[in-house]
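When we follow my numbering, the leftmost residue of the sequence shown carries the number 34, and every step to the right adds one.
Cβ coordinates follow ideal geometry from the N, Cα and C atoms, glycine included.
Just so it is clear, the structure is predicted and the values come from calculations on it, not from any experiment.
Structure record follows, encoded as structure tokens.
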Amino acid sequence: MKSKEKIMVHKGIDRIKRNQLEEGLEFFDKALEINPLNADAWNNRGVALFKMGKLDDALKCYDKALKADHENLDSLRNKGFVLRSMQRFEEALECYEQVIALEAVLDVSDLRNKATVLVGLGRLEDALNTLMEAAIISPSMQLEMEIDVLRKALLDMAMRTENI
């Protein structure tokens with residue numbers, strides 16, 4: 034990335050942090066004028082648009098970032114998050130599975146995001162297995178509590194099924 038391009042992206046990120054979203058977009062657009070294939074500019078442009086409530090436009094930016102760099106984990110994560118917030122769980126699951134497949138070192142938060150999407154899809158056993166995998170990598174009380182909640186939900190479902 035050229036230095037002027039990099040400066041524009043960093044200024045845009047700074048504006049997002051200050052919640053000056055329109056200004057942030059202007060800096061990302063300037064970076065994209067220099068290099069239309071700047072995945073970081075597209076990704077961060079998507080972040081700004083998401084914060085503005087423009088979810089479809091944010092998704093288009095993440096897709097352009099991924100077209101420029103198909104292994105851009107930030108764009109995949111962001112796209113998955115937006116899809117999840119739109120309750121487009123199947124598509125979100127694809128994003129999180131891609132992230133997990135591309136990661137050199139598995140990130141527990143990605144497994145937790147995948148588990149959340151699986152719950153949204155009603156796939157509680159798969160979500161439980163995913164959380165258990167996360168707990169093996171990085172045990173925590175929070176993960177154990179989430180695992181217990183899913184176990185209880187599965188047990189309740191089994192009990193209701195037996196009573197029918």
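- Task: Taking all protein chains shown into account, decide if Lys-147 is buried (16 or more other Cβ within 10 angstroms of its Cβ) or exposed.
- Result: Walking along the sequence shown from the start, residue 147 turns up at place 114. Burial call: buried.
- Message: Quick check on the burial criterion: 16 or more other C-beta atoms within 10 angstroms. Buried or exposed for Leu-82?
- Response: Counting from one through the sequence shown, the residue named residue 82 turns up at place 49. It counts as buried.
- Message: Given this structure, state the Cα-to-Cα distance separating Glu-59 from Ala-168, to the nearest angstrom.
- Response: Position 26 of the sequence shown, counted from the start, is the residue given in the question as residue 59. Position 135 of the sequence shown, counted from the start, is the residue given in the question as residue 168. The alpha-carbon atoms of Glu-59 and Ala-168 are separated by roughly 42 Å.
- Between the C-alpha atoms of Leu-116 and Phe-122, what's the straight-line distance to the nearest angstrom? Within the sequence shown, residue 116 is the residue found at index 83, counting from 1. Within the sequence shown, residue 122 is the residue found at index 89, counting from 1. Going by the C-alpha atoms only, they are around 7 Å apart.
- According to the Cβ coordinates, are Leu-109 and Leu-157 closer than 7 Å? If you number the sequence shown from 1, residue 109 lands on position 76. If you number the sequence shown from 1, residue 157 lands on position 124. Cβ atoms of Leu-109 and Leu-157: not closer than 7 Å.
- Query: Considering only residues of the stretch 42-70, which uninterrupted alpha helix (DSSP H) runs meet the minimum length of 4 residues and lie entirely inside it, listed in chain order?
  - Reply: 54-67
- Express the C-alpha separation of Ala-74 and Asp-62 in angstroms, rounding to a whole number. The sequence position of residue 62 within the sequence shown is 29, counting from 1. The sequence position of residue 74 within the sequence shown is 41, counting from 1. Rounded to the nearest angstrom, the two C-alpha atoms are 8 Å apart.
- Along the chain, where does the alpha helix (DSSP H) that runs through Gly-86 open and close? What you label residue 86 is simply residue 53 of the sequence shown in a count that begins at 1. Looking at the DSSP string, Gly-86 is not in any alpha helix (DSSP H), and its letter there is neither H nor E.
- Message: Please list the terminal residues of the continuous alpha helix (DSSP H) segment that includes Lys-147.
- Response: Stepping through the sequence shown from its first residue, residue 147 is reached at position 114. Counting along the chain, the alpha helix (DSSP H) containing Lys-147 begins and ends at 141-153.
- Query: Ordered along the chain, which non-local residues of its own chain (more than five positions away) have a Cβ less than 6 Å from that of Ser-171?
  - Reply: For the purposes of this step, residue 171 is taken as the residue at position 138 of the sequence shown. Closer than 6 Å at Cβ, skipping near neighbours: Val-141.
- Message: By alpha-carbon positions, which one of Asn-71, Lys-87 and Asp-96 ends up nearest to Lys-39?
- Response: If you number the sequence shown from 1, residue 39 lands on position 6. Cα-wise, what sits closest to Lys-39 is Asn-71.
- Message: Can you give me the C-alpha to C-alpha distance between Arg-244 and Thr-163, rounded to a whole angstrom?
- Response: Summary: the structure shown does not reach residue 244, with the chain confined to residues 34 through 197, and so no result is reported for it.
- Item | Cys-94 versus Val-138: straight-line alpha-carbon distance, rounded | As a first step, residue 94 is located in the sequence shown; it is residue number 61 there, counting from the start. As a first step, residue 138 is located in the sequence shown; it is residue number 105 there, counting from the start. Spanning the two alpha carbons is a distance of roughly 26 Å.
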